[in-house]
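Asks:
Residue numbers (my numbering): 1 to 344.
This is the structure in structure tokens:
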């Protein structure tokens, strides 16, 4: 059994855009599992935009990571020592064990995976929190129905790519927004979106509004919001009456940049009023009781190849900070993962 673990800690709170100096890779002693605990060897680490918010001290829906503490994150790993009846060495599990190559954690905080069902890292993406987020936004917040026009920002990301494909399977017309011609081609040619707008080709909200209007001439019934910025400024004027907006993220504003691209609040407020829009923020953890319903619809689509997904893999725990920073700038293509250790 290993006696030490490598882990990445939050070194300091960023003001604006984070950098490599805000992370610290340390080696620490590992304790033996106590009663009801197991030792997990990390295989895969998930990197997600919400982690940027955890680096700040301001009020939010979850407590921030403390300076000096291990960065929060969901992982897939192998149990290599157990002091719990529920799990045995060799079991593959997922849980929030953080940016570390080994962790001691309570067995009750982990979920056992079946490697025969899907590649185990799918529990961090299409069959995990990102996929569940996509399903929740469409099902619980937007309430998609056949014939709707649905627009999805960050359309080739871990959440957006799944959201667009689920909406398409439900009979919706689906328009994506993504960064770059390659990503837009992937959205239409592989994911099956009806159209995709390259936001790099449009300088501001007015230009985005014109492009979105051309792609959705009858208006947008449901908007899955992951980005904010000029994309949101282009979407709002194109919302149909009684349109619904599922507010999942706003990555364009996470580092305090792009504020000049925001639609003025009076214009936003007036459009919400006159178009009779519903705008609702949601956190997927509040809907986790619907996880089985999500799997019932989405897992068969993954198994038979109807739902496509892509993974952006970085090798080595030490490279997690650079992969995370790149993701925040839109440099990832698909679900961002770090391979921390070898397969079981």
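In this text, a Cβ means the ideal position worked out from N, Cα and C, and glycines have one as well.
Does the beta-carbon of residue 206 have 16 or more other beta-carbons within 10 angstroms, so that it is buried, or is it exposed?
Replies: Within the chain shown, numbered from 1, the residue matching residue 206 stands at position 206. Exposed, since its Cβ has fewer than 16 Cβ neighbours within 10 Å.
Asks: Residue 44 by DSSP, collapsed to three states: which one?
Replies: The count along the chain shown starts at 1 and reaches residue 44 at position 44. Note: residue 44 maps to strand in three-state DSSP.
Asks: Please state the DSSP three-state secondary structure of residue 53.
Replies: The count along the chain shown starts at 1 and reaches residue 53 at position 53. If DSSP states are grouped into helix, strand and coil, residue 53 belongs with the helices.
Asks: Should residue 157 and residue 226 be called a contact, given that it needs their Cβ atoms to be closer than 8 Å?
Replies: In the chain shown, counting from the first residue as 1, residue 157 sits at position 157. In the chain shown, counting from the first residue as 1, residue 226 sits at position 226. Closer than 8 Å, so yes.
Asks: With the cut-off set at 8 Å, would you say residue 291 and residue 55 are in Cβ contact?
Replies: As a working note, residue 291 is residue 291 in the chain shown. As a working note, residue 55 is residue 55 in the chain shown. No, they are not a contact pair.
Asks: In angstroms, rounded to a whole number, what distance separates the CA positions of residue 111 and residue 77?
Replies: Translated into the one-based positions of the chain shown, residue 111 becomes position 111. Translated into the one-based positions of the chain shown, residue 77 becomes position 77. Cα-Cα distance, rounded: 11 Å.
Asks: In whole angstroms, what is the alpha-carbon distance linking residue 103 and residue 293?
Replies: Here residue 103 refers to the residue found at position 103 of the chain shown. Here residue 293 refers to the residue found at position 293 of the chain shown. Straight-line Cα distance between these residues: approximately 31 Å.
Asks: Tell me, please, which residues DSSP counts as bridged to residue 429.
Replies: Here the chain covers residues 1 to 344 and nothing more, so residue 429 does not appear.
Asks: Is there contact between the stretch 138-152 and the stretch 168-180, where contact requires at least three CB pairs shorter than 8 Å?
Replies: As far as the Cβ criterion goes, the stretch 138-152 touches the stretch 168-180, which means the pair count is three or higher.
Asks: I want to know whether the stretch 69-89 touches the stretch 8-17 - three or more CB-CB distances under 8 Å.
Replies: Touching, yes.
Asks: Report the three-state DSSP secondary structure of residue 71 (helix, strand or coil).
Replies: On the chain shown, residue 71 is found 71 positions in, with the first residue counted as 1. Coil at residue 71, not helix or strand.
Asks: Taking only runs of the beta strand (DSSP E) that begin and end inside the stretch 140-219, which ones reach a length of at least 3 residues, in chain order?
Replies: Runs found: 149-153, 173-178 and 195-198.
Asks: Mind pulling the alpha helix (DSSP H) runs of 4 or more residues that sit fully within the stretch 280-326?
Replies: Complete alpha helix (DSSP H) runs here, min 4: 291-303.
Asks: Within this structure, are the beta carbons of residue 389 and residue 37 separated by less than 8 Å?
Replies: In the structure as shown, the chain starts at 1 and stops at 344, and residue 389 therefore has no counterpart that could be examined.
Asks: Under the three-state reduction of DSSP, which class applies to residue 126: helix, strand or coil?
Replies: Taking the chain shown and counting its residues from 1, one reaches residue 126 at position 126. Coil.
Asks: Of the residues 214, 135, 199 and 53, which one's Cα is nearest the Cα of residue 359?
Replies: In the structure displayed, the chain extends from 1 to 344; residue 359 sits before or after that span and is not available.
Asks: Quick one: residues in its chain with C-beta nearer than 7 Å to the C-beta of residue 299, no 5 flanking neighbours on either side, listed in chain order?
Replies: Translated into the one-based positions of the chain shown, residue 299 becomes position 299. Once the five neighbours on either side are set aside, the close Cβ partners of residue 299 are 127.
Asks: Compare the C-alpha of residue 266 against each of 285, 236, 26 and 65 and name the closest.
Replies: Sequence index remark: in the chain shown, residue 266 carries index 266 (1-based). Answer by Cα proximity: 236.
Asks: Assign residue 270 to one of three DSSP states: helix, strand, or coil.
Replies: Residue 270 sits at position 270 when you count from the first residue of the chain shown. Residue 270 falls in the helix class under three-state DSSP.
Asks: Quick one: is residue 60 buried, meaning 16 or more other Cβ sit within 10 Å of its Cβ, or exposed?
Replies: By 1-based counting over the chain shown, the position of residue 60 is 60. By the 10 Å Cβ count, residue 60 comes out exposed.
Asks: Can the beta-carbon of residue 243 be found closer than 8 Å to that of residue 275?
Replies: Counting from 1 along the chain shown, the entry for residue 243 is found at position 243. Counting from 1 along the chain shown, the entry for residue 275 is found at position 275. Contact flag set, yes.
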